[in-house]
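Right, one structure below, let's go through it.
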């Protein structure tokens, strides 16, 4: 695969969705930064109370550090990081869905597909670059925005630590050293690829709907699944089968609940690797085969569909 | 001279509708071929088959490449402008140039910029902010900057005003064409490009009904202004087409003795549009 053409194709995708991919994460980060500031400005702040609260938290962290409970400190940081990343991942997921539904539809709607296909870029490369953009690059942008926000917060925390150590003789530097900040963020970033593989059937299905639909690609993405589930429910009901296979499989495959996570965390004794392990455990070779079939169908339709 | 494009027995149907039926023609270096036909004759389908954008029965070779199996390699040396304004609306001019440079090994960025400098198009403009004529100019700039050996144009000036149309074809000759390259163009405004065509192929209901050089066509066909009293005599020579207006009948003849035609009236060289109308209406005479 020609990497320079892949890079150019991904760059093209980012240009096309530039507004959304730039302003949504910036706005989200802005909300996290400015809403607390606005709350402080509007409600005022009791400096003594805040310092007391910070001092209390700092003492607790210092106590854990002194007791050398590195795992507990790591977990505190990791859970905080996950809490910060979650809104970015959730909003990023909505953006991903929108991207996949429109990525092969829009170029046919404005007929630019004829221009793109008149250039020496293969259809395989186009499908692969769109998949890579939607599955890795877009969530990467949102992960990046969350990481930058986290770094900003860490800078604020460092400034606060300096103030605490100078003014109140409370030192948090050893906590910073043992909180596993880099490895915690690293674990979150590591989940990018397992998430992409886990959700590959969904992405492939949306791409197929996008390349197939002449109108309303979102309906093409949703209605066949709904119809299948309804038909299966009726069949199960009339044939007295214990449970619907397809509906059950989908629900089982796409559900990662806090309970799953907790049980895995207990087994693993570490919440950081638990999340990663749980994602990897969800990946199923059958869904990978289905994804490959769906992607090939999307490719085949793009190659063979008459556009004018 | 070996053919840059060779089309042999190409057929294509959509369901029961036969769109192309045993189409044969070839294009060599230096030729500018007009593929001319009425709406629905199969021109676009024929061009799309040449570009590997649709499947077909038969044999097509473009620069030695199979258009379907070897499309990407082929498109390094083949450029194409379709009949609709197909540049994406969201793209900026600078982005289009950058993308072309990234993916096309034969793209000359400086040449494209030089061409654009002669127009009112700024590098920061978005396609959606450009007029239809400017979009055509931008597309032409992108295509002319490719050192392609084959250029395929499908109604490239559709919907443009006459000034832009003339500019378009002037640039095509000045900035792209040389004797090592070939151009295949479809258009409804045949009279506007008649002077640049070296060859024409008339296509009707998916079949090539005439494919010849413009020089041979001008030798072969004659237009005669026949006086009313000689119409019956002229009819005996089986004109391809006749048109009566204001007491004068104009008849188009194919391969008739020039001396015999001169006895019927004033003989002139028909335009390609006259020949096209005559060939397409042959059955009505």
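Residue numbers (my numbering), protein chains in the order written: chain Y, 1 to 308; chain H, 1 to 285.
Glycine residues also receive a C-beta, built at the ideal position from the N, C-alpha and C atoms.
query: What separation, rounded to the nearest whole angstrom, lies between the Cα atoms of residue 195 of chain H and residue 203 of chain Y?; result: 53 Å
query: Nearest-angstrom Cα distance between residue 109 of chain H and residue 123 of chain H?; result: 12 Å
query: Alpha carbon to alpha carbon, what distance is there between residue 290 of chain Y and residue 2 of chain H?; result: 47 Å
query: Quick one: does residue 56 of chain H have its CB under 7 Å from some CB of chain Y?; result: no
query: Quick check on this structure: which residue in H:42, H:220, H:61 and H:127 has the alpha carbon closest to the alpha carbon of residue 50 of chain H?; result: H:61
query: For residue 199 of chain H, write down the residues that DSSP places opposite it in a beta bridge.; result: H:33 and H:213
query: Run down chain Y in chain order and give the residues with a C-beta less than 7 Å from the C-beta of residue 260 of chain H.; result: In chain order: nothing, as chain Y lies at least about 47 Å away.
query: Using a Cβ-Cβ cutoff of less than 7 Å, which residues in the same chain neighbour residue 14 of chain H once the five nearest sequence positions on both sides are dropped?; result: none
query: Taking the C-alpha atoms as reference points, what is the distance between residue 187 of chain Y and residue 78 of chain Y?; result: 9 Å
query: List the residues of chain H that residue 119 of chain Y touches, going by C-beta distances under 8 Å, in chain order.; result: 75, 100, 103 and 104
query: Run through DSSP, which three-state label would residue 122 of chain H get?; result: coil
query: Report the residues of the stretch 3-35 of chain H with a CB closer than 9 Å to any CB of chain Y, ordered along the chain.; result: 14
query: Which value, in whole angstroms, describes the spacing of the CA atoms of residue 280 of chain Y and residue 195 of chain Y?; result: 8 Å
query: Report yes if the C-beta of residue 277 of chain Y is less than 6 Å from at least one heavy atom of the ligand HEM; otherwise report no.; result: The ligand HEM is not part of this structure, which contains no ligands at all.
query: What residues match up with residue 79 of chain H in a beta bridge as DSSP calls it?; result: H:151
query: With 7 Å as the threshold, decide whether the Cβ of residue 96 of chain H is near any Cβ in chain Y.; result: no
query: Apply the 10 Å Cβ neighbour rule to residue 214 of chain Y and answer buried if 16 or more other Cβ atoms are within range, or exposed otherwise.; result: exposed
query: With three or more beta-carbon pairs closer than 8 Å as the criterion, would you say the stretch 139-155 of chain H touches the stretch 67-86 of chain H?; result: yes
query: Is the Cβ-Cβ distance between residue 84 of chain Y and residue 150 of chain Y less than 7 Å?; result: yes
query: In the structure shown, what three-state DSSP assignment does residue 268 of chain H receive?; result: strand
query: Is there at least one Cβ from chain H nearer than 7 Å to residue 310 of chain Y's Cβ?; result: The requested residue 310 of chain Y is not part of the displayed model; chain Y covers only 1 to 308.
query: Using C-beta distances below 8 Å, list every residue in its chain close to residue 96 of chain H, excluding the 5 sequence neighbours before and after it, in chain order.; result: 87, 127, 138 and 142
query: Measure the alpha-carbon distance for residue 278 of chain Y versus residue 248 of chain Y and round it to whole angstroms.; result: 19 Å
query: Once you ignore the five residues that flank residue 74 of chain H on each side, which residues in its own chain have a CB closer than 7 Å to its CB?; result: 52, 62, 63, 65 and 67
query: Against chain H, does residue 15 of chain Y count as a neighbour if the rule is that its beta carbon must be under 7 Å from one of theirs?; result: yes
query: Taking residue 74 of chain H as part of the alpha helix (DSSP H), name the residues at either end of that continuous run.; result: 71-74
query: Just grab the DSSP bridge partners of residue 242 of chain H for me.; result: H:251
query: Closer than 8 Å by C-beta to residue 208 of chain H: which residues in its own chain qualify, once you throw out the five before and the five after it? Chain order, please.; result: 23, 24, 25, 201 and 202
query: Just how far apart, CA to CA, sit residue 283 of chain H and residue 238 of chain H?; result: Caution is warranted here: a pLDDT of 48 is assigned to residue 283 of chain H, below 50, making its placement in the model unreliable, and no coordinate value can be reported.
query: Whole angstroms are fine: how far does the CA of residue 69 of chain H sit from the CA of residue 74 of chain Y?; result: 55 Å
query: Which bits of chain Y does residue 72 of chain H rub up against, with CB to CB less than 8 Å?; result: 120, 121 and 122
query: Counting only beta-carbon separations shorter than 7 Å, does residue 156 of chain H have a partner in chain Y?; result: no
query: Alpha carbon to alpha carbon, what distance is there between residue 191 of chain H and residue 271 of chain H?; result: 7 Å
query: If you check the beta carbons only, do residue 99 of chain Y and residue 134 of chain Y fall under 7 Å apart?; result: yes
query: Could you check whether residue 299 of chain Y and residue 123 of chain Y sit closer than 7 Å to each other, using their CB atoms as the reference points?; result: yes
query: Measuring CB atoms only, is the stretch 178-190 of chain H touching the stretch 220-232 of chain H, in the sense that at least three cross pairs come out at less than 8 Å?; result: no
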